[in-house]
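S.K.:
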Amino acid sequence: MRNHASKMNGAILQGIRPFFLQMKQINSLVWRGISYNGEPVFLKAAVKKETIKKQIEISSAGATSFVPYIPFADGEWMKESGGLTFACMKAIEGRALDYSIKEDRFLALEKTNHFQDEVQGIVSKHIPYVSLTRKWTNRFIRFKQNLDSEVLSFEQEKLINYFLTIGESVLSEMKEVEQLERSAYRRHCIVHGDPAHHNFIFNFDQLLLIDGDLISYAPREYDYLQLINRMLPHCNWSLEEWEKSHISSLRHCIEHSSLRRLLAYPADFYREWLMNPSGRNELLVKTEQQKEKRSAFIRQVL
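Everything in the sequence shown is counted per this note's numbering, starting at 1470 for the first residue and increasing by one.
See the structure below:
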């Protein structure tokens, strides 16, 4: 089995390997390499060429908050091999952020704001438009479809039904959000789309966002909704930490009822359920432990 995987990997990299002295796979679509001029790089691949193109465009536009992309040794910015499109990122050492640490939460919010300031107004045919209603509806449907095979206890089934009810409630009242999207599209507002803790690289010199696969035209608030959703379990399910932020788009998520109610949508629970089927029991246990505080928070924002 390992030999088969190695052969497949070799075939995919056939058009890429000649540009590197060394290559080591990090995950399914990322490799660490040493180019022939001795420069360490990360090699990123994507099935869709547009996914790579938009990130090169963001980097080339001078966004210092985003990981720099660099050309291959022959001057080309992209290569195609094995059905994938490849590009090179500058290899930057550092650690991921940790949202259980208050200082790291602050850094993530500040860097996201920096990124959004830098990229607003960039016009590109490779950057898609996001409809949050469509995205969340699709995730909700997929979540419901992935419940049939699960054997659940009475308490677990009760928890699942609760999150289904909350999801339906939020999705039923998203008209104002669609107006916000239209305004963002006109102004070419760009969001990172996936500000997870591991998509920040931090060292003593700098903090950078990486992995721009989900970069999109959307209201700036959408990145902050994601960040708050990921940070709330570490903040005792309280919004107090962000109520006086200087970042207006972050405050909008708290002050405007049409946005605040979106924080009730259990995006984290649906996401983990779908992405990690083998960890569903652990997810249920962890979620049950926070159910009382989370339920109180949901009542507060709905």
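Quick reminder that beta carbons are idealized off the backbone N, C-alpha and C, glycines included.
Suppose you measure from the CA of Q1491 to the CA of D1586; what does that come to, to the nearest Å?
M.R.: By 1-based counting over the sequence shown, the position of residue 1491 is 22. By 1-based counting over the sequence shown, the position of residue 1586 is 117. Each residue's alpha carbon lies about 37 Å from the other.
S.K.: Under DSSP, the alpha helix (DSSP H) around V1639 begins and ends at which residues?
M.R.: Sequence index remark: in the sequence shown, residue 1639 carries index 170 (1-based). It spans F1623 to L1640 - the alpha helix (DSSP H) in which V1639 sits, taken as one unbroken run.
S.K.: Along the chain, where does the beta strand (DSSP E) containing C1557 start, and where does it finish?
M.R.: Along the sequence shown, one-based indexing puts residue 1557 at 88. Here the beta strand (DSSP E) through C1557 covers L1553 to K1559.
S.K.: Using DSSP bridges, identify the partner residues of P1746.
M.R.: The residue given as residue 1746 occupies position 277 in the sequence shown. None, per the DSSP bridge assignment.
S.K.: What runs of the beta strand (DSSP E), each 3 residues or longer, lie entirely inside the stretch 1653-1719?
M.R.: Restricted to the stretch 1653-1719, the beta strand (DSSP E) segments that are unbroken, complete and at least 3 residues in length are 1669-1671 and 1676-1678, listed in chain order.
S.K.: Taking three-plus beta-carbon pairs below 8 Å as touching, is the stretch 1602-1622 in contact with the stretch 1635-1655?
M.R.: yes
S.K.: Smallest Cα separation from I1503: which of G1552, S1534, I1561 and K1522?
M.R.: Reading the sequence shown from its first residue, position 34 is the one you call residue 1503. The option with the nearest alpha carbon to I1503 is I1561.
S.K.: In angstroms, rounded to a whole number, what distance separates the CA positions of E1690 and I1485?
M.R.: Counting from one through the sequence shown, the residue named residue 1690 turns up at place 221. Counting from one through the sequence shown, the residue named residue 1485 turns up at place 16. A straight-line Cα-Cα distance of about 38 Å links E1690 and I1485.
S.K.: Let me make sure I understand the geometry here. Which of D1674, H1721, I1684 and K1522 has the alpha-carbon closest to that of N1668?
M.R.: The sequence position of residue 1668 within the sequence shown is 199, counting from 1. The shortest CA-to-CA distance from N1668 to any of D1674, H1721, I1684 and K1522 is the one to I1684.
S.K.: Taking the continuous beta strand (DSSP E) assigned at W1546, which residues delimit it?
M.R.: Here residue 1546 is taken as the residue at index 77 of the sequence shown, counted from 1. Where W1546 is concerned, there is no enclosing beta strand (DSSP E), given that its DSSP letter is neither H nor E.
S.K.: Decide if G1636 is buried, meaning its Cβ has at least 16 other Cβ atoms within 10 Å, or exposed.
M.R.: Taking the first residue of the sequence shown as position 1, residue 1636 is located at position 167. Result: buried.
S.K.: Starting from the Cα of Y1598, find the closest Cα among D1617, H1657 and G1748 and give me that residue.
M.R.: Numbered from 1 along the sequence shown, position 129 holds the residue referred to as residue 1598. Nearest of D1617, H1657 and G1748 to Y1598, Cα basis: H1657.
S.K.: Contact check, V1536 vs I1679 under 8 Å by CB: the rounded distance?
M.R.: Here the question's residue 1536 lines up with position 67 in the sequence shown. Here the question's residue 1679 lines up with position 210 in the sequence shown. So it is a contact: roughly 5 Å between Cβ atoms.
S.K.: Roughly how far, in whole angstroms, is the beta-carbon of I1659 from the beta-carbon of I1716, given that I think they are within contact range, below 8 Å?
M.R.: For the purposes of this step, residue 1659 is taken as the residue at position 190 of the sequence shown. For the purposes of this step, residue 1716 is taken as the residue at position 247 of the sequence shown. Between I1716 and I1659 the Cβ distance is about 16 Å, and since that is not below 8 Å, they are no contact.
S.K.: Return the CA-CA distance between S1528 and Y1631, expressed in angstroms with no decimal places.
M.R.: Indexing the sequence shown from 1 puts residue 1528 at position 59. Indexing the sequence shown from 1 puts residue 1631 at position 162. In a straight line, the C-alpha of S1528 is about 43 Å away from that of Y1631.
S.K.: What does a CB cutoff of less than 8 Å around E1647 pick up in its chain, not counting 5 residues either side in sequence?
M.R.: Here residue 1647 refers to the residue found at position 178 of the sequence shown. For E1647, where only same-chain residues beyond five positions count, the Cβ hits under 8 Å are S1600 and T1602.
S.K.: How many Å lie between Y1654 and G1507 at the Cα?
M.R.: Along the sequence shown, read from residue 1 onward, the residue named residue 1654 stands at position 185. Along the sequence shown, read from residue 1 onward, the residue named residue 1507 stands at position 38. Computed Cα separation, rounded: 42 Å.
S.K.: Since I believe I1723 is in contact with E1712 (beta carbons under 8 Å), could you give me their beta-carbon distance rounded to a whole number of angstroms?
M.R.: Against the sequence shown, residue 1712 aligns to sequence position 243. Against the sequence shown, residue 1723 aligns to sequence position 254. Rounded to whole angstroms, the Cβ separation of E1712 and I1723 is 6 Å, and the two are in contact under 8 Å.
S.K.: Using a threshold of 7 Å, state whether the C-beta atoms of F1488 and F1541 are closer than that.
M.R.: In the sequence shown, residue 1488 corresponds to position 19, counting from 1. In the sequence shown, residue 1541 corresponds to position 72, counting from 1. F1541 sits close to F1488, with the two beta carbons spaced by under 7 Å.
S.K.: Could you give the residue range of the beta strand (DSSP E) that holds A1514?
M.R.: Along the sequence shown, one-based indexing puts residue 1514 at 45. P1509 to A1515 is the extent of the beta strand (DSSP E) around A1514.
S.K.: Can you give the Cα-Cα distance for H1633 and I1767, rounded to whole angstroms?
M.R.: The residue you call residue 1633 lines up with position 164 of the sequence shown. The residue you call residue 1767 lines up with position 298 of the sequence shown. The question names His, but residue 1633 in the sequence shown is Leu. If you draw a straight line from the Cα of L1633 to the Cα of I1767, it is about 13 Å long.
S.K.: Rounded to the nearest angstrom, what separates R1730 and L1694 at their Cα positions?
M.R.: Within the sequence shown, residue 1730 is the residue found at index 261, counting from 1. Within the sequence shown, residue 1694 is the residue found at index 225, counting from 1. Using only the alpha carbons, I get a separation of about 10 Å.
S.K.: Report buried or exposed for K1548, applying the criterion of at least 16 other Cβ atoms within 10 angstroms of its Cβ.
M.R.: One-based indexing of the sequence shown puts residue 1548 at position 79. Counting of Cβ neighbours within 10 angstroms places K1548 among the buried residues, the total reaching 16 or more.
S.K.: Below 8 Å on the Cβ atoms is my guess for S1534 versus L1677; work out the distance and round it to an integer in Å.
M.R.: On the sequence shown, residue 1534 is found 65 positions in, with the first residue counted as 1. On the sequence shown, residue 1677 is found 208 positions in, with the first residue counted as 1. Between L1677 and S1534 the Cβ distance is about 7 Å, and since that is below 8 Å, they are a contact.
S.K.: Going by CA-CA distance only, name the one from H1661, E1619, S1622 and I1629 that's closest to N1582.
M.R.: To locate residue 1582, count along the sequence shown from 1; it is residue 113. Minimum Cα distance to N1582 is reached at H1661.
S.K.: For Y1538, which beta-bridge partners are listed by DSSP?
M.R.: Walking along the sequence shown from the start, residue 1538 turns up at place 69. According to DSSP, Y1538 bridges with M1558.
S.K.: Within the continuous beta strand (DSSP E) that includes V1499, where are the two ends?
M.R.: By one-based count along the sequence shown, residue 1499 stands at place 30. Its beta strand (DSSP E) spans residues V1499 to S1504.
S.K.: Could you work out which residue in S1652, V1754, G1748 and V1770 is closest to L1708 when comparing CA atoms only?
M.R.: Residue 1708 sits at position 239 when you count from the first residue of the sequence shown. Nearest option by C-alpha distance: V1770.
S.K.: If you run the structure through DSSP and keep just helix, strand and coil, what is Q1524?
M.R.: Translated into positions along the sequence shown, residue 1524 becomes position 55. Reduced to three states, the DSSP call for Q1524 is helix.
S.K.: Could you have a look at Q1491 and say whether DSSP puts it in helix, strand or coil?
M.R.: Working through the sequence shown from its first residue, we reach residue 1491 at position 22. Of the three classes helix, strand and coil, the one that applies to Q1491 here is strand, per DSSP.
S.K.: Which first and last residues belong to the alpha helix (DSSP H) in which Q1585 is found?
M.R.: Counting from 1 along the sequence shown, the entry for residue 1585 is found at position 116. Per DSSP, Q1585 belongs to the alpha helix (DSSP H) from K1571 to V1588.
S.K.: Would you tell me roughly how many angstroms separate the C-alpha atoms of Y1739 and D1543, rounded to the nearest one?
M.R.: Sequence index remark: in the sequence shown, residue 1739 carries index 270 (1-based). Sequence index remark: in the sequence shown, residue 1543 carries index 74 (1-based). Between Y1739 and D1543, the C-alpha separation is close to 44 Å.
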